[in-house]
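Protein chains in written order, with the numbering used here: chain A, 1 to 406; chain B, 1001 to 1406.
We put the beta carbon where it would ideally sit given N, CA and C, even for glycine.
Structure record follows, encoded as structure tokens.
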């Protein structure tokens, strides 16, 4: 055999930091507030079991092939009907069922953009999406959000400036309009309309990630960005938060040309028609409105428990915007705090969270943490917040001692 | 709203012809010999049903999350153990479970190659893989095969020539060593060894697609290419042909660095841990050797029926290499025949096949068709071959009349 020489892999792999909260769970009573895992209680196991048996009995031969069975059609019908609540009109040719919504983000990005093209995003934004954009080798620029979501006025300024100065225009703007990950804020109606208008005027696509839309604590909703600009918006959502992540099923809604290109890039073929059959039978068996109310009642109670504990253990030391739905609370510490600095201590104390820097392109802001209130029960949440407060106070006291000593 | 201007999509989309056999099935008694669908009889529906219920009952809470449950570990164990039969030694860090083996082809290609890089393949080769390579924007070169598979001697010549002349070297060679799709031939032991040596010497990876390995009519097997060069081979296989395509599950085995990069590109996350749980429980319930014997007994009988019908209806007009396993028979007509020219007639007569040109980069050879002997039963196969023969004879007679008239 010949001596091996070094192989030069594709240049597309980014050097992104590992997210350490995932790694350390050695504490016997660890409280994971890190990741967006649904509540165990949200999984309707007996119904899923019935759906699986019935799927195999009635559509087994078809749904075990590459394509076939009644499942895909019924899942499409459900998506169409449900999307009308977001003011979205769609036909089968506008819908692509994907293997989770992250796959839809990947397919949309590579459909719209080549390496070197520009994609604009919010700051902060979902780290998983940022990773997909990096792998697609696009250039990223981010825009701040406030309590009404993305600062669309700043986006417009930047578009005008880019056009005037001949700078690169974006091919895509990635935005999470409802219960934004990580901040929990909603994009206002006026800004949705304006963003769709900008997409038409400056000829880019909005990638509207609506993963959490069903999980509203008030029951209210605002029309989707898609409804204001169906020719320049790709709308994506997922069954991960309303049925289960383990079934790996999401969807995209867009113009037929976009959907056909996304389908061509989808190297896993049709998303499992076997699982689609199970999902379609599950959806036929449940009262979906009641199911959503059940989910939001769990999550509202957990969010309330988290808010109470934050007040109890942090007082006025921290701030946050009250989540009106979704999975996350974004906790803001005083500006001089670097939340990564008490991360290790927190993990040792038995609690996990994500430090805010992962949600920015350049680690712009260090004084936030993202807390998920969905997976842990109320008692765990209280213990978790208490432990973060203890770790933070230690860090703060040490820092004060250090500063005095200087 | 502003006037829409045309949007410029990613340049990565190839202009590949549609495969028309998929479209026309209006005949009341259509015989689809086109696509590689497993036999309906191969799906063990009651066992899959038991496995699904048991998966949900025992590992429901875990396997419905993004990651978790005992399924992935057990599936890995099965893959490791089974791969030893191919002389492959692997650990967990060498294995990536994928959503079908086509996804593995996509991930491997984009891990190894950037747009413009060179990938070498067999001629003919699997049209689905060719499509993935085109989407990855790599440059393709193909090498002929004979009754012992890929002409590795010609590959070596080309490597030497490229090196001497400073021409681009391949980053990857895609090859199907067992029951090649479409030709059904096997790569000889000597050529496997030689190809692995060339990969080391000239620093490229072999992508060894072993989708059909279990389906041997003789029960015999040759060690994998991977076994001769684990540091420069990515081995891929699939559950599609041995459990069901609808579960969408395949795998890749490679060095840890390659696997980690492939995992990073895998935008659908871990392949459904819910489905992995079902698969692991299914594998625990069956006698796999007996299952493989059951599958091959069905497919051997159907292959024999196809061969008999070919002799009956075509006599000595056509030739083929007898498949020793797998899904396909590659039928060769006299050199002057273009099989596309009696395709439409065949579809009208109620039979589908794939014309050979789809399996070549430049439609090099037009006188072949690929027949799948797995999906249709023996009686259907007989009718299908009879209909192809009728269409061919019509085509031939018309041509002779035409030639005489000229």
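CB contact check: residue i to chain B, cutoff 8 Å
i, result
"residue 231(A)", "yes"
"residue 21(A)", "Because the pLDDT of residue 21(A) is 46, which lies under 50, any placement of that residue in the model is unreliable, and the number read from its coordinates should be weighed accordingly. For residue 21(A), the answer is no, since every Cβ of chain B falls outside 8 Å of its Cβ."
"residue 261(A)", "yes"
"residue 5(A)", "yes"
"residue 348(A)", "no"
"residue 269(A)", "yes"
"residue 238(A)", "no"
"residue 274(A)", "yes"
"residue 162(A)", "no"
"residue 13(A)", "yes"
"residue 129(A)", "no"
"residue 53(A)", "yes"
"residue 103(A)", "yes"
"residue 111(A)", "yes"
"residue 73(A)", "no"
"residue 89(A)", "no"
"residue 308(A)", "no"
"residue 94(A)", "no"
Assumed close pair residue i, residue j - CB separation to whole angstroms, cut-off 8 Å
i, j, result
"residue 444(A)", "residue 63(A)", "Any question about residue 444(A) goes unanswered here, given that chain A covers just 1 to 406."
"residue 1331(B)", "residue 1318(B)", "5 Å"
"residue 1369(B)", "residue 1395(B)", "With 8 Å as the limit, residue 1369(B) and residue 1395(B) do not qualify as a contact, their Cβ atoms being about 12 Å apart."
"residue 37(A)", "residue 1290(B)", "No, residue 37(A) and residue 1290(B) are not in contact; Cβ-Cβ is about 40 Å, not under 8 Å."
"residue 1202(B)", "residue 1169(B)", "6 Å"
"residue 1371(B)", "residue 1328(B)", "7 Å"
"residue 115(A)", "residue 138(A)", "7 Å"
Cβ-Cβ distance between residue i and residue j below 8 Å
i, j, result
"residue 1145(B)", "residue 1183(B)", "yes"
"residue 1188(B)", "residue 1325(B)", "no"
"residue 1069(B)", "residue 1057(B)", "no"
"residue 225(A)", "residue 244(A)", "no"
"residue 1142(B)", "residue 1361(B)", "yes"
"residue 246(A)", "residue 104(A)", "no"
"residue 1333(B)", "residue 1367(B)", "yes"
"residue 172(A)", "residue 209(A)", "no"
"residue 339(A)", "residue 356(A)", "yes"
"residue 181(A)", "residue 213(A)", "no"
"residue 1004(B)", "residue 91(A)", "no"
"residue 155(A)", "residue 120(A)", "yes"
"residue 392(A)", "residue 342(A)", "yes"
Buried or exposed by the 16-neighbour rule on C-beta atoms within 10 Å, applied to residue i
i, result
"residue 1147(B)", "exposed"
"residue 1190(B)", "exposed"
"residue 72(A)", "buried"
"residue 1149(B)", "buried"
"residue 1207(B)", "buried"
"residue 1336(B)", "exposed"
"residue 1051(B)", "buried"
"residue 157(A)", "exposed"
"residue 1256(B)", "exposed"
"residue 276(A)", "buried"
"residue 1397(B)", "exposed"
"residue 1311(B)", "exposed"
"residue 1218(B)", "exposed"
"residue 405(A)", "exposed"
"residue 102(A)", "buried"
"residue 186(A)", "buried"
Any C-beta of chain A under 8 Å from that of residue i
i, result
"residue 1169(B)", "no"
"residue 1099(B)", "yes"
"residue 1010(B)", "yes"
"residue 1294(B)", "no"
"residue 1060(B)", "yes"
"residue 1254(B)", "no"
"residue 1045(B)", "yes"
"residue 1037(B)", "yes"
"residue 1287(B)", "no"
(request) Taking 8 Å as the threshold, find out whether the segment 252 to 270 of chain A comes into contact with the segment 295 to 310 of chain A through three or more Cβ pairs. (result) no
(message) With a threshold of 8 Å, are at least 3 pairs of Cβ atoms found where one atom belongs to the segment 1096 to 1109 of chain B and the other to the segment 1247 to 1262 of chain B?
(response) yes
(request) Check whether the segment 302 to 309 of chain A touches the segment 376 to 394 of chain A, taking contact to mean three or more Cβ pairs, one atom from each stretch, closer than 8 Å. (result) yes
(request) Evaluate the contact criterion for the segment 1009 to 1016 of chain B versus the segment 105 to 118 of chain A: three or more CB pairs, one atom per stretch, below 8 Å. (result) yes
(message) Measuring CB atoms only, is the segment 274 to 285 of chain A touching the segment 74 to 82 of chain A, in the sense that at least three cross pairs come out at less than 8 Å?
(response) yes
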